[in-house]
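Numbering (the working numbering), first residue to last: 207 to 967. Step one of this worksheet: look at the structure below.
Rendered as structure tokens:
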């Protein structure tokens with residue numbers, strides 16, 4: 207063996223051999239192998255080096271084996287040469303047949319496809335070695351179905367063999383395709399598969415009606431849109447190729463009937479467009495055509511892809527109400543000066559079911575509440591019931607009812623419009639009571655005013671009016687009339703030099719005549735004022751008195767007069783506003799004084815929030831005591847209590863008393879009258895204690911001064927009549943509170959005897 211070499215041995219049916227150059231045939235060398243399959247698949251003769259396969263090898267399972275050979279000394283078992291690697295290649299034989307790994311196959315082809323149209327491709331695989339001989343060379347053939355399809359021998363592409371494949375005749379074919387190796391030679395192996403070919407549809411069949419005539423019936427009373435029946439054309443195709451539409455071909459059928467396609471069932475739905483009339487025509491033959499929606503242009507030469515049938519519709523009779531002629535209503539005309547009883551017109555209605563059946567006519571009085579018209583029940587003649595006035599109502603719309611005499615349920619209605627024709631019975635009149643103004647210095651021929659006319663009549667030829675001055679104004683030398691010829695007229699001055707002091711108003715009578723016939727006329731008056739104007743012709747005043755005043759007062763003087771008047775009004779409003787403000791201020795002060803009051807308590811608390819209280823204003827105004835005037839009108843002073851008298855008013859002046867005396871005399875008088883003041887307070891407290899209508903109170907509080915408080919003790923507690931002690935309280939500490947409480951100390955605190963004596967002297 208060549209050292210370090212790699213050999214490839216082809217394994218043939220006989221043994222293979224390895225040999226080394228050092229082997230001289232003496233039997234001193236033994237051969238060994240190792241590697242893939244050594245000792246199991248392959249065995250070696252130690253003396254000769256022959257390699258044998260112990261089993262049948264399959265190239266399709268394993269095509270190569272890699273082995274290593276070694277030459278060793280038989281006795282020493284030492285390697286004589288380096289180990290050598292070699293490959294055993296399994297030579298191929300044709301032992302595998304072709305197989306269709308993707309079968310069975312399903313393909314499709316459109317019907318009527320030309321010969322040689324490719325359908326699909328089939329492929330067979332051979333496990334033999336394609337590089338060795340012809341074991342893997344496969345060819346194809348059709349075993350079953352070769353009449354309609356063929357297969358390419360080398361590629362396996364299936365082709366159509368005929369051009370008249372018809373899906374409607376046979377929609378699928380089953381083929382058997384065979385694959386043979388060895389290029390189809392004898393001794394080659396083969397395999398087969400089944401191929402299903404589906405024939406797809408094309409639109410090669412027109413729609414066809416199973417019948418050439420269909421019959422339906424419908425009542426003449428059926429409303430528009432009522433279905434008459436359904437017909438359907440068949441199509442041998444499938445899918446979208448069966449979609450079809452329906453048409454009505456004859457003109458009469460188009461006018462009376464409508465056809466629609468039901469997309470779900472492909473049926474033709476026939477309905478009526480308007481009610482049918484049995485008396486007019488009892489049978490209608492309608493031509494209905496079915497048309498394919500998706501026509502394939504390749505098959506147009508096969509024939510027309512449409513079909514027709516006749517639908518016969520019979521109309522059944524029903525009892526119908528009378529029918530007016532004309533059906534849309536009647537228009538009549540009558541002169542407005544027609545007399546009551548005059549014929550206006552005649553309405554006509556007939557029973558469509560029975561010839562010459564009697565019909566009765568009536569006027570729906572909800573449309574003629576004033577009973578202006580009458581109708582003859584038998585003839586349908588409409589006559590006047592009252593005098594007409596076109597200017598009040600130019601049209602009258604009434605409804606006439608027709609009823610079958612033999613069947614009162616058969617009723618129909620028709621509108622009758624009556625136009626009142628105009629008669630010239632209203633004279634023309636001036637459009638408004640016209641008034642005009644001219645300046646005193648107006649020139650002759652100056653246009654003063656343009657007048658127009660209204661006429662309630664409406665002649666067919668249109669209005670045409672004539673204007674002229676009334677006969678009594680024909681000798682007028684001041685103004686003239688100009689007929690403009692468009693149913694208006696203008697008034698012009700005839701002279702100059704008007705003077706409003708002599709005459710400031712002119713009345714011009716104007717006669718207006720219409721075109722008749724007969725011609726009617728009326729007279730209207732135009733009032734013309736003579737006015738004073740400025741240099742530019744603007745009217746200043748049309749009053750004679752105002753003109754006199756204007757000579758005395760210039761415009762600037764008038765403006766100054768108006769300004770003075772405006773200032774006077776503003777001053778008056780200002781004074782009234784100030785008075786109102788002062789009054790509101792006084793009311794606010796009075797409301798503030800009301801907060802100083804005597805509040806009655808029967809328990810602690812409340813303060814200023816307590817309700818019913820005495821007004822302290824009675825105590826502030828010492829000369830205003832209602833109880834002290836005269837006797838005791840309320841009966842508050844019981845036995846043993848003197849009548850209350852008004853105490854004197856105290857003056858805060860330190861030198862002068864209320865009556866002009868000294869301070870000592872004032873203090874003495876206060877001390878003498880203190881019992882009276884105390885008695886008055888006691889009476890008021892007693893009144894509060896005995897009043898059962900309000901809860902009793904025992905606190906005397908004043909709120910005359912709002913401030914930060916007082917360092918003095920509270921004076922709120924006063925002994926009531928319920929107090930058992932009659933000892934008078936000591937208020938001498940009031941003299942120590944300063945000047946602010948001097949007057950209060952004079953009321954309550956007992957005077958100093960020495961001061962009193964000095965004051966008395």
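A virtual CB, placed ideally from N, CA and C, is assigned to each residue, including glycine.
Which term fits residue 886, buried or exposed, when burial requires 16 or more other beta carbons within 10 angstroms of its beta carbon? Position 680 of the chain shown, counted from the first residue, corresponds to residue 886. With 16 or more Cβ atoms within 10 Å of its Cβ, residue 886 is classed as buried.
Which of helix, strand or coil does DSSP assign to residue 754? Taking the first residue of the chain shown as position 1, residue 754 is located at position 548. Low local confidence applies: a pLDDT of 42 at residue 754 is under 50, so the model's placement there is unreliable, and no value is given.
Considering only their Cβ atoms, is the gap separating residue 390 from residue 345 smaller than 9 Å? Counting from 1 along the chain shown, the entry for residue 345 is found at position 139. Counting from 1 along the chain shown, the entry for residue 390 is found at position 184. Yes.
Alpha-carbon to alpha-carbon, residue 474 and residue 419: Within the chain shown, residue 419 is the residue found at index 213, counting from 1. Within the chain shown, residue 474 is the residue found at index 268, counting from 1. Taking the straight line from one Cα to the other gives about 14 Å.
For residue 533, which of helix, strand or coil comes out of DSSP? Here the question's residue 533 lines up with position 327 in the chain shown. It is coil, neither helix nor strand.
Check whether the Cβ atoms of residue 552 and residue 588 sit closer than 9 Å, and answer yes or no. Numbered from its first residue, the chain shown carries residue 552 at position 346. Numbered from its first residue, the chain shown carries residue 588 at position 382. The Cβ atoms of residue 552 and residue 588 lie closer than 9 Å to each other.
Residue 460, enclosing alpha helix (DSSP H) - first and last residue: Position 254 of the chain shown, counted from the start, is the residue given in the question as residue 460. For residue 460, the enclosing alpha helix (DSSP H) stretches over residues 457-462.
Helix, strand or coil for residue 409, going by three-state DSSP, please let me know. Start at 1 with the first residue of the chain shown, and residue 409 comes out as number 203. Of the three classes helix, strand and coil, the one that applies to residue 409 here is coil, per DSSP.
Considering only C-alpha positions, which residue in the set 260, 895, 243, 287 is nearest to residue 237? As a first step, residue 237 is located in the chain shown; it is residue number 31 there, counting from the start. The residue with the shortest Cα to Cα distance from residue 237 is 287.
Taking the Cβ atom as the reference point for each residue, do residue 688 and residue 732 lie within a distance shorter than 9 Å? Here residue 688 refers to the residue found at position 482 when the chain shown is read from its first residue. Here residue 732 refers to the residue found at position 526 when the chain shown is read from its first residue. Not in contact: residue 688 and residue 732 (Cβ atoms no closer than 9 Å).
If you reduce the DSSP assignment to three classes, tell me which class residue 787 lands in. Your numbering for residue 787 matches position 581 in the chain shown. In the structure shown, residue 787 sits in a helix (DSSP, three-state: H, G or I).
Residue 279, enclosing beta strand (DSSP E) - first and last residue: Stepping through the chain shown from its first residue, residue 279 is reached at position 73. Unbroken beta strand (DSSP E) run through residue 279: 270-279.
Just list the residues that DSSP pairs residue 686 with in beta bridges. To locate residue 686, count along the chain shown from 1; it is residue 480. According to DSSP, residue 686 bridges with 698.
How about the region 510-530 and the region 554-566: do they share at least three Cβ pairs that are nearer than 8 Å? The answer is yes - the region 554-566 touches the region 510-530, with three or more Cβ pairs under 8 Å.
According to DSSP, what are the bridge partners of residue 423? Taking the first residue of the chain shown as position 1, residue 423 is located at position 217. Bridge partners of residue 423: 520.
Return helix, strand or coil for residue 657, following the three-state DSSP convention. Residue numbering aside, residue 657 sits at position 451 when the chain shown is read from its first letter. It is a strand residue.
Name the DSSP beta bridge partners of residue 498, please? As a position in the chain shown, residue 498 is number 292, starting the count at 1. Bridge partners of residue 498 according to DSSP: 450.
Can you check which of these residues, 723, 749, 717, is closest to residue 730 by C-alpha distance? By one-based count along the chain shown, residue 730 stands at place 524. The residue with the shortest Cα to Cα distance from residue 730 is 717.
With distances taken between CB atoms, is the gap from residue 305 to residue 333 smaller than 9 Å? Start at 1 with the first residue of the chain shown, and residue 305 comes out as number 99. Start at 1 with the first residue of the chain shown, and residue 333 comes out as number 127. Yes, these two residues count as a Cβ contact at 9 Å.
Residue burial classification, residue 394 (beta-carbon count within 10 angstroms, cutoff 16): Stepping through the chain shown from its first residue, residue 394 is reached at position 188. Around the beta-carbon of residue 394, 16 or more other beta-carbon atoms lie within 10 Å, marking it buried.
Beta-carbon contacts of residue 743 that lie in its chain and below 8 Å, excluding the five residues immediately before and after: Mapped onto the chain shown, residue 743 falls at position 537. The residues are 645.
In whole angstroms, give me the CA-to-CA distance for residue 468 and residue 447. For the purposes of this step, residue 468 is taken as the residue at position 262 of the chain shown. For the purposes of this step, residue 447 is taken as the residue at position 241 of the chain shown. Between residue 468 and residue 447, the C-alpha separation is close to 16 Å.
Write down every uninterrupted run of the beta strand (DSSP E) in the region 241-267 whose length is 3 residues or greater and which is fully enclosed by it, in chain order. Restricting attention to beta strand (DSSP E) runs no shorter than 3 residues, the region 241-267 encloses them at 248-250, 256-259, ordered along the chain.
For residue 276, which of 257, 340, 659 has the nearest alpha-carbon? Reading the chain shown from its first residue, position 70 is the one you call residue 276. The shortest Cα separation from residue 276 among 257, 340, 659 belongs to 257.
Hey, residue 721 and residue 667: beta-carbon distance below 9 Å or not? Mapped onto the chain shown, residue 721 falls at position 515. Mapped onto the chain shown, residue 667 falls at position 461. At a Cβ-Cβ threshold of 9 Å, residue 721 and residue 667 count as neighbours.
Assuming residue 438 is part of the beta strand (DSSP E), what are its boundary residues? Locating residue 438 in the chain shown gives position 232, counting from the first residue. Residue 438 -> no beta strand (DSSP E), and no H or E assigned at all.
Which term fits residue 737, buried or exposed, when burial requires 16 or more other beta carbons within 10 angstroms of its beta carbon? Locating residue 737 in the chain shown gives position 531, where the first residue counts as 1. When all chains shown are included, residue 737 counts as buried.
Between the CA atoms of residue 883 and residue 896 - distance to the nearest angstrom: Position 690 of the chain shown, counted from the start, is the residue given in the question as residue 896. Position 677 of the chain shown, counted from the start, is the residue given in the question as residue 883. About 20 Å.
In angstroms with no decimal places, state the Cα-to-Cα distance between residue 672 and residue 664. Working through the chain shown from its first residue, we reach residue 672 at position 466. Working through the chain shown from its first residue, we reach residue 664 at position 458. Roughly 16 Å separates the two Cα atoms.
Take the Cβ of residue 837 as the centre, count every other Cβ of all protein chains shown within 10 Å, and call the residue buried at 16 or more, exposed below. Looking up residue 837 in the chain shown gives position 631. Any reading at residue 837 must be qualified, since the residue scores a pLDDT of 40, below 50, and its modelled position is unreliable; no value is offered.
On the premise that residue 382 lies in contact with residue 398, defined as a C-beta separation below 8 Å, what is that separation, rounded to the nearest angstrom? Position 192 of the chain shown, counted from the start, is the residue given in the question as residue 398. Position 176 of the chain shown, counted from the start, is the residue given in the question as residue 382. With a Cβ gap of about 6 Å, residue 398 and residue 382 count as contacting.
Could you check where the beta strand (DSSP E) with residue 560 kicks off and where it finishes? As a position in the chain shown, residue 560 is number 354, starting the count at 1. Looking at the DSSP string, residue 560 is not in any beta strand (DSSP E), and its letter there is neither H nor E.
Can you check DSSP and say which residues form a bridge with residue 223? Reading the chain shown from its first residue, position 17 is the one you call residue 223. DSSP lists 256 as partners of residue 223.
DSSP bridge partner residues for residue 704 (one or two, in chain order): By one-based count along the chain shown, residue 704 stands at place 498. The beta-bridge partner set that DSSP reports for residue 704 is empty.
Roughly how many angstroms lie between the CA atoms of residue 650 and residue 686, to the nearest whole one? Looking up residue 650 in the chain shown gives position 444. Looking up residue 686 in the chain shown gives position 480. Each residue's Cα considered, the two are about 10 Å apart.
Closest by CA to residue 338, which one among 784, 296, 261? As a working note, residue 338 is residue 132 in the chain shown. Looking at 784, 296, 261, the one whose alpha-carbon comes closest to that of residue 338 is 296.
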